[in-house]
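Take 84 as the starting number for the sequence shown in the working numbering and just add one per residue. Even glycine gets a Cβ: it sits at the ideal position worked out from N, Cα and C. In this text, all values refer to a predicted model and were calculated from it rather than measured experimentally. Please read the structure below before turning to the comments.
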Amino acid sequence: MITIIAAAAENNALGKDNQMIWHLPDDFKRFRQLTTGHYIIMGRKTFESLPKLLPNRTHVVITRQKDYSVPDGVLIAGSLEEAIKISPQNESIFIIGGGEIYKQSLPIADTIELTRVQTSPHADAFFPEINPDQWQLTFEEFHPKDEKHAFDFSFLTYKKTS
């Protein structure tokens, strides 16, 4: 199963200057719970934006750079198709970004785990539009802003309809 996991604003903003735009601890917890123990596929810029390797996950980095250097245990792929081929076929695989990788993944993904952040900031990376003819919202959980979260947000789960 291929799952796209992302946090995107109402205007589909993902980030700016290779950084996240918000800090939502509950979103980080959900991300960790869902992805721990699995392969996580990402573009090179997303990989470079991580503060460190995420524990208990196998990182697969998509890059066209032939001599791209990564730490031991990190896998390199030249395309999304190659990244999926080198991931276990009988396990859940998570696509964690960025915008272009999400766009390429939509046609082949089974599930989208989206944190919809109630803001519309300026950004330079965006999540693709979710076509309601192809995706059905199956779960929604609202979280109001509080002392740890500057924005209201909702956890949304979409399943492919076809």
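(message) Between Thr194 and Phe236, how many whole angstroms is the CB-CB distance? I'm expecting something under 8 Å.
(response) With 8 Å as the limit, Thr194 and Phe236 do not qualify as a contact, their Cβ atoms being about 19 Å apart.
(message) Going by C-alpha to C-alpha distance, which of Gly98, Ala96, Asp109 sits closest to Asp229?
(response) Asp109
(message) Using the three-state DSSP reduction, which class does Ser175 fall into: helix, strand or coil?
(response) coil
(request) State the CB to CB distance for the pair Leu97 and Ala206, rounded to an integer number of angstroms; the pair is presumed to be in contact (CB under 8 Å). (result) 6 Å
(message) I'd like the list of long-range same chain contacts for Thr119, defined as Cβ closer than 6 Å, with 5 residues on each side in sequence excluded.
(response) Asn139
(message) Among Ser152, Ala90, Val144, whose alpha-carbon lies nearest the alpha-carbon of Arg127?
(response) Val144
(message) Relative to the C-alpha of Ala208, which candidate in Gln201, Lys186, Ala192 has its C-alpha closest?
(response) Lys186
(request) Would you decide whether Asn214 is buried or exposed? Buried here means 16 or more other CB atoms lie within 10 Å of its CB. (result) exposed
(message) Taking the beta carbon of His142 as the centre, do at least 16 other beta carbons fall within 10 Å, making it buried, or is it exposed?
(response) buried
(request) Give the DSSP-derived three-state secondary structure of Leu137 in the structure shown. (result) coil
(request) List in chain order: all unbroken beta strand (DSSP E) runs of 3+ residues lying wholly within the region 96 to 146. (result) 96 to 99, 122 to 126, 141 to 145
(message) Within a Cβ cutoff of 6 Å, which residues of the same chain sit near Asn101, ignoring the five residues on either side of it in sequence?
(response) Lys128, Ser132
(message) My parser needs the alpha helix (DSSP H) runs of 4 or more residues fully inside the region 177 to 220; what are they?
(response) 182 to 188
(request) Starting from the Cα of Gly156, find the closest Cα among Arg115, Ile178, Asn173, Ile123 and give me that residue. (result) Ile123
(message) Quick check: what's the CA-CA separation for Ala91 versus His106?
(response) 12 Å
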